[in-house]
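Below you'll find the structure, written out as structure tokens, and then a few comments.
Numbering (the numbering used here), first residue to last: 122 to 376.
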């Protein structure tokens, strides 16, 4: 028996799409491949007439159930695994998978975790700040000319997801920490590392990009993010206590 990706746990997320027609075409591509969950974040224009015209009547149910958000943080908060799409390579984008490799990898992950596939604006794609939310990056190989229409990119990824399969049951992947839990952990970790002088408070993002990349490879669970937040809280409390004790000792020595 062939086991594939769990479609009901896959959501396509469009970040700041510029044209309503591309939203409709992306919904149609999803419907072609059997995916129904769509999120749209902060679109330049939301015109349902133009969207539905390109979606056609077959994909109208995808548009009817679309969820809209004004920020990527809110949109990705409930997801346990986030995949970002990128045409640009190198720099802060070193972990690149092909759509086929990604699809095979998501067979086990999607069984117990909600997964978001994130696509950026048509003119410039996802920013480095957008990509900080992602556990993996996927690149669609092209023959030199890397610019793909948004709906074309959605179709390629959804096709690979729909055709991925393996003969034996996938290895068990437990429920992973949701995006909001990871963001809370990173916020506490940033504050702690700045407080103890490990990171420059004027530019904490430089090191946090690398720390995020490290933790993304570990597939953290919810309880593990709680442990890390707890350790950070204790470090901050200990530092505050030592500081207050030092003030008391200084005052006492002067009296």
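Positions of the beta carbon are idealized from the N, C-alpha and C atoms, including for glycine. Note that this is a predicted model, so its numbers are computed, not measured.
Judged by beta-carbon spacing, residue 313 lies beyond the 9 Å limit of residue 279, meaning their Cβ atoms are not closer than that value.
Distance between residue 337 and residue 257, taken at the CA atoms: about 8 Å. Of the residues assessed, residue 339 falls on the exposed side of the cut-off, its CB having fewer than 16 other CB atoms within 10 angstroms. Taking residue 206 as reference, the option from 199, 306, 197, 217 with the minimal CA-CA separation is 217. DSSP places residue 271 inside the alpha helix (DSSP H), whose first and last residues are 271-284.
Beta-bridge annotation (DSSP): residue 202 is paired with 236. Taken through DSSP and simplified to helix, strand or coil, residue 127 comes out as coil. Rounded to the nearest whole angstrom, the CA to CA distance from residue 268 to residue 355 is 48 Å. CA-to-CA, the gap between residue 239 and residue 134 works out to about 5 Å. By a beta-carbon distance limit of 8 Å, residue 243 does not contact residue 174. Their separation comes to about 18 Å. If you look at residue 332, you'll find it in the alpha helix (DSSP H) that goes 326-337.
The criterion of a C-beta distance shorter than 9 Å is satisfied by residue 234 and residue 202.
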